[in-house]
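Encoded as structure tokens, the structure appears first; notes follow it.
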Amino acid sequence: MQTFIQLSATALQIGAVYVLFSLGLTLIFGVMRIVNFVHGHIFSVAALVVAYLLPALATGGLSAPAAYVLASLVAITAALSVGALLYIFGFRYFQRDLVGSFILSIGLVLLLDGVLLHVFGGAVRGVPEIFPGRVSIGGAQVTVQRLFLCAVAVLMAVSLYLTLGHSRLGKALRAVSYDHEAAMMVGVPYARIAFFGFMIASLLAAIAGALLAPVTIVSPVIGTDYLIKGFIAVIIGGLGSVPGAILGSIFVASIETFGSYYLDSSYATLAIFGLVIIVLLFCPKGVLGRG
Amino acid sequence: MMMKGQSKSGAAVLALAGLIAGAAQAEEVIKLGLSVPLSGAAAVWGKGAEFLCNTAAREIREGGGVSVGGEIYNFECLSYDNKYNAAEGTKVAQALLNREGVKFIGGSVGTAPVQALQALAERQDALVFTVAWGASIKGVDHPMTFTQMNTPGEILPLLIAYIAKQYPEAKSVAMLNPNDATGKETEALAGDVWGRNGVEIAASDFYERGTTEFQPIAARLESLKPAIIDLGATPPADAGAIFKELDVLGWKGVKVVEVGTGADGLKATGGDAAEGVYMGAGVTFDGDNATDHQKAVNEQAKAQLGESLNAVQIGFYDSVYALKAAMEKADSVDPKTVADVLPQVSFKSFYGEEVGFYGKELYGRNQQMRLPIIVTKVIGGKLVEVARLTP
Numbered sequence: 001m002q003t004f005i006q007l008s009a010t011a012l013q014i015g016a017v018y019v020l021f022s023l024g025l026t027l028i029f030g031v032m033r034i035v036n037f038v039h040g041h042i043f044s045v046a047a048l049v050v051a052y053l054l055p056a057l058a059t060g061g062l063s064a065p066a067a068y069v070l071a072s073l074v075a076i077t078a079a080l081s082v083g084a085l086l087y088i089f090g091f092r093y094f095q096r097d098l099v100g101s102f103i104l105s106i107g108l109v110l111l112l113d114g115v116l117l118h119v120f121g122g123a124v125r126g127v128p129e130i131f132p133g134r135v136s137i138g139g140a141q142v143t144v145q146r147l148f149l150c151a152v153a154v155l156m157a158v159s160l161y162l163t164l165g166h167s168r169l170g171k172a173l174r175a176v177s178y179d180h181e182a183a184m185m186v187g188v189p190y191a192r193i194a195f196f197g198f199m200i201a202s203l204l205a206a207i208a209g210a211l212l213a214p215v216t217i218v219s220p221v222i223g224t225d226y227l228i229k230g231f232i233a234v235i236i237g238g239l240g241s242v243p244g245a246i247l248g249s250i251f252v253a254s255i256e257t258f259g260s261y262y263l264d265s266s267y268a269t270l271a272i273f274g275l276v277i278i279v280l281l282f283c284p285k286g287v288l289g290r291g
Numbered sequence: 001m002m003m004k005g006q007s008k009s010g011a012a013v014l015a016l017a018g019l020i021a022g023a024a025q026a027e028e029v030i031k032l033g034l035s036v037p038l039s040g041a042a043a044v045w046g047k048g049a050e051f052l053c054n055t056a057a058r059e060i061r062e063g064g065g066v067s068v069g070g071e072i073y074n075f076e077c078l079s080y081d082n083k084y085n086a087a088e089g090t091k092v093a094q095a096l097l098n099r100e101g102v103k104f105i106g107g108s109v110g111t112a113p114v115q116a117l118q119a120l121a122e123r124q125d126a127l128v129f130t131v132a133w134g135a136s137i138k139g140v141d142h143p144m145t146f147t148q149m150n151t152p153g154e155i156l157p158l159l160i161a162y163i164a165k166q167y168p169e170a171k172s173v174a175m176l177n178p179n180d181a182t183g184k185e186t187e188a189l190a191g192d193v194w195g196r197n198g199v200e201i202a203a204s205d206f207y208e209r210g211t212t213e214f215q216p217i218a219a220r221l222e223s224l225k226p227a228i229i230d231l232g233a234t235p236p237a238d239a240g241a242i243f244k245e246l247d248v249l250g251w252k253g254v255k256v257v258e259v260g261t262g263a264d265g266l267k268a269t270g271g272d273a274a275e276g277v278y279m280g281a282g283v284t285f286d287g288d289n290a291t292d293h294q295k296a297v298n299e300q301a302k303a304q305l306g307e308s309l310n311a312v313q314i315g316f317y318d319s320v321y322a323l324k325a326a327m328e329k330a331d332s333v334d335p336k337t338v339a340d341v342l343p344q345v346s347f348k349s350f351y352g353e354e355v356g357f358y359g360k361e362l363y364g365r366n367q368q369m370r371l372p373i374i375v376t377k378v379i380g381g382k383l384v385e386v387a388r389l390t391p
């Protein structure tokens, strides 16, 4: 039982990160009907800026939490700027064009790979724990840093859910997601809404990057692993579905955690891909998706 | 008067052209291809390899170059990112051998990408230096391949015996390695050596390179309650992350990273959990044993790379000097002729000693540099040399 609690806690912690990641992917797909492979790089930019800026700020005399908050704000701003540039000079011209956006996306991945490597170097960066210590929850050991991450992930997911359900912007996003032509006919400014959707997704990735920097290996290629897991989560949950993204993320994290424990890390990775094949065979639009 | 002036100018131009031609003739360049990871968790190896190859090439140029057949040659290092995988390693091999026309590989990292490189290089009679750990890339079937760093065959028997002797009460080990050629070959040998030292293998797992979430892996390792955790060929940054998660779970035991090359990456991701880790390929230049040359180059490396030098990178310095020695002895820059002579030469290694090649008993031919095996341990946040063993 103790093992089960520990593994469940681990799955929830990992799933929280995947949730932030997959929510962005599913939002972009829902609104723009494009697959955005550069999403991982926006995440990487935020994590890298935190990793580079935080030690310098801390050395400059700021307390660790204050340095972290300041570094995170700069990181999120930098990541959002990259996101805005990608949209304005790239994705704006390929909305609802799955093939075109796919090719553009791959090209931008290669470009940003080179740029990030050149700017930040290839070596991994370590970010000291901002909130040290650990707590025992039902016997499971969890670090305070991870708990903070989970709390923010839950907060972001709830905020997004409420925004989509109850705000004017959220209703517009849902409207263009269902039928963008009908939405435009009733006065929804699609181009502007698509931009907001893209930027909200970028914000989610940026926050995930800033949150994860102190608990993971920060390097220019860090986004790739999360991008793959995020995509698998939204495919399982259903492209374009917010509850589906959350469900898929928790599911992927659970397979990864329990599979690694009872089998082997490599087999767990295989199991995740096996799961995707099974879901696509029996449920091509994902568990909760509209396709 | 005008004509006279023009003649003078013409003569000057001709003389200058002659000088330039002469200089160009004296500046014969031998390209040294490097297939190394320049991104990801192992990037620090590639960046440092590039730095040390350039350092050795510059030192040789300043020392008068390589004298062969009355000509003076100098080295130029060309590094390409193999991303530590076979697919990228194949692309790098094509680029180096076919596009750049490289005949000498000054160094290469990663068994899987090196296997791809070796397959192409052997067909083109190009000479390959490598730090790859896989025993499969060595032997009589690979007469053009030479190892520029200690590999499991050299390190593991001595390192594991040393640790087993230090902790006689530790009788179980859990092993973890990357799921690739490097990891598989390291795991096979390490498992055998731990067994020979009376330590039981509690489990031996593999993980995919590029993994960023190590909590599930740590949970499994901790559940086995091993006295020793051996992370084999895991890069230091990944190893640090795993030990950090193990620390959260409360595991206390003997930590080993056989391919551990430096404490910086380990501390960057592991923090305090890096304390006590044993490494089989780490080198420290903080002690009294370090020479002025080692200290000076290491300081340059720290300024440029942000980390101290390690054994993987040092191989890229040594191979350049080994090539110089072999080319001068063979009086040739033909790769096959140089490869024939290489096992007979000795050269001054970065470690400060005159070294040659050995390994006939283990691999069937002398293709392994005879380098010291330095056992290091992270103590008080610093990498400390605890033993220097001679193979």
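The listed protein sequences correspond, in order, to chains A and B.
Position one of the first sequence corresponds to residue 1 (our numbering), numbered consecutively onward.
Position one of the second sequence corresponds to residue 1 (our numbering), numbered consecutively onward.
Backbone N, C-alpha and C fix where the C-beta goes; we use that ideal spot for every residue, glycine too.
Residue i - containing beta strand (DSSP E), residue span
i, result
"Tyr73 (chain B)", "Glu71 to Asp81"
"Met144 (chain B)", "Counting along the chain, Met144 (chain B) falls outside any beta strand (DSSP E), and DSSP gives it neither H nor E."
"Ile235 (chain A)", "Ile235 (chain A) -> not in any beta strand (DSSP E); alpha helix (DSSP H) instead, spanning Ile222 to Gly237."
"Glu385 (chain B)", "Lys382 to Leu389"
"Ala202 (chain B)", "Glu200 to Tyr207"
"Asp192 (chain B)", "Not the beta strand (DSSP E): Asp192 (chain B) falls in the alpha helix (DSSP H), residues Ala181 to Arg196."
"Gly107 (chain B)", "Phe104 to Ser108"
"Ala123 (chain A)", "No beta strand (DSSP E) contains Ala123 (chain A), which DSSP labels as neither H nor E."
"Phe129 (chain B)", "Leu127 to Thr130"
Pick from the options that is closest to residue i, judged by C-alpha positions
i, options, result
"Asp125 (chain B)", "B:Ala301, B:Pro335 and B:Ala203", "B:Pro335"
"Thr212 (chain B)", "A:Asp225, A:Arg96 and A:Leu203", "A:Asp225"
"Leu405 (chain B)", "B:Thr337, B:Ala170 and B:Met279", "Residue 405 (chain B) falls outside the range modelled here, since chain B spans only 1 to 391, and no answer is possible."
"Glu256 (chain A)", "B:Cys77, B:Tyr167 and B:Arg220", "B:Arg220"
"Phe129 (chain B)", "B:Lys360, B:Thr376, B:Pro372 and B:Leu342", "B:Leu342"
"Val257 (chain B)", "B:Asp292, B:Asn177 and B:Val312", "B:Asn177"
"Lys255 (chain B)", "B:Asp286, B:Thr284, B:Glu222 and B:Val283", "B:Glu222"
"Pro288 (chain B)", "B:Trp45, B:Glu385 and B:Lys138", "A quick correction: the sequence has Asp, not Pro, at residue 288 (chain B). Among B:Trp45, B:Glu385 and B:Lys138, the Cα nearest to that of Asp288 (chain B) belongs to B:Glu385."
"Glu167 (chain B)", "B:Ser349, B:Val199 and B:Asn150", "Correcting the residue type first, residue 167 (chain B) is Tyr in the shown sequence and not Glu. Comparing Cα positions, the closest option is B:Val199."
"Lys239 (chain B)", "B:Lys267, B:Glu100, B:Gly253 and B:Asn98", "Per the sequence shown, the amino acid found at residue 239 (chain B) is Ala instead of Lys. For the residues B:Lys267, B:Glu100, B:Gly253 and B:Asn98, the minimum Cα distance to Ala239 (chain B) belongs to B:Lys267."
"Glu208 (chain B)", "B:Asn85, B:Trp45 and B:Ala119", "B:Asn85"
Partners in chain B for residue i, counting only beta-carbon separations shorter than 8 Å
i, result
"Glu129 (chain A)", "Gly271"
"Thr257 (chain A)", "Gln215, Pro216 and Ala219"
Straight-line Cα distance separating residue j from residue i
i, j, result
"Ala9 (chain A)", "Gly352 (chain B)", "51 Å"
"Glu275 (chain B)", "Gly381 (chain B)", "6 Å"
"Ser83 (chain B)", "Leu224 (chain B)", "The amino acid occupying residue 83 (chain B) in the given sequence is Lys; Ser does not appear at that position. One C-alpha to the other measures close to 32 Å."
"Gln95 (chain A)", "Met32 (chain A)", "5 Å"
"Ala253 (chain A)", "Ile193 (chain A)", "31 Å"
"Leu246 (chain B)", "Asn310 (chain B)", "25 Å"
"Met144 (chain B)", "Gly262 (chain B)", "29 Å"
"Gly60 (chain A)", "Ala123 (chain A)", "23 Å"
"Ile228 (chain B)", "Lys31 (chain B)", "44 Å"
"Tyr321 (chain B)", "Val338 (chain B)", "13 Å"
"Pro157 (chain B)", "Ser39 (chain B)", "31 Å"
"Ile14 (chain A)", "Pro152 (chain B)", "34 Å"
"Ala203 (chain B)", "Val218 (chain A)", "29 Å"
"Met3 (chain B)", "Arg61 (chain B)", "Residue placement at Met3 (chain B) is flagged as unreliable, the pLDDT there being 43, under the threshold of 50; the coordinate-derived value follows with that caveat. One C-alpha to the other measures close to 43 Å."
"Lys103 (chain B)", "Gly359 (chain B)", "24 Å"
"Ala326 (chain B)", "Glu28 (chain B)", "17 Å"
"Gly197 (chain A)", "Ile76 (chain A)", "16 Å"
Residue range of the unbroken alpha helix (DSSP H) whose run includes residue i
i, result
"Met184 (chain A)", "Arg168 to Met185"
"Arg134 (chain A)", "Counting along the chain, Arg134 (chain A) falls outside any alpha helix (DSSP H), though it belongs to the beta strand (DSSP E) covering Arg134 to Ile137."
"Val295 (chain A)", "What is shown of chain A runs 1 to 291, which leaves residue 295 (chain A) out entirely."
Cross-chain neighbours of residue i in chain A, by beta carbon under 8 Å
i, result
"Phe206 (chain B)", "Asp264, Ser265 and Ser266"
"Ala241 (chain B)", "Thr216 and Ile217"
Under 9 Å from the C-beta of residue i: neighbouring residues of chain B
i, result
"Gln141 (chain A)", "Val248, Leu249 and Gly250"
"Ile272 (chain A)", "Here the premise fails: no neighbours, minimum Cβ distance about 11 Å."
Amino acids of chain A, ordered along the chain, whose beta-carbon sits closer than 7 Å to that of residue i
i, result
"Gly306 (chain B)", "Ala123"
"Ala237 (chain B)", "Val124 and Ile217"
Beta-carbon neighbours of residue i, restricted to chain B and to distances below 7 Å
i, result
"Ser260 (chain A)", "Pro216, Ile217 and Arg220"
"Gln2 (chain A)", "Per Cβ cutoff of 7 Å: no residues; Gln2 (chain A) is ~10 Å from chain B at best."
(Q) Can you pull out the residues from the stretch 169-189 of chain B whose beta carbon lies closer than 7 Å to at least one beta carbon of chain A? (A) Asn179
**Q.** Interface positions of the stretch 216-227 of chain A facing chain B (Cβ-Cβ less than 8 Å), listed along the chain
**A.** Thr216, Ile217, Ser219, Pro220, Val221, Ile222, Thr224, Asp225 and Tyr226
Q: Would you list, in chain order, the members of the stretch 258-269 of chain B that have their beta-carbon closer than 9 Å to a beta-carbon of chain A?
A: Asp264, Gly265, Lys267, Ala268 and Thr269
Q. Can you list, in chain order, the residues of the stretch 33-59 of chain B whose Cβ is nearer than 8 Å to any Cβ on chain A?
A. Pro37, Leu38, Ser39, Gly40, Ala41, Ala43, Val44, Gly46 and Lys47
Q) Between the stretch 197-227 of chain B and chain A, which residues of the former have a C-beta closer than 8 Å to a C-beta of the latter? A) Asp205, Phe206, Tyr207, Glu208, Gly210, Thr211, Thr212, Glu213, Gln215, Pro216, Ile217, Ala219, Arg220 and Ser223
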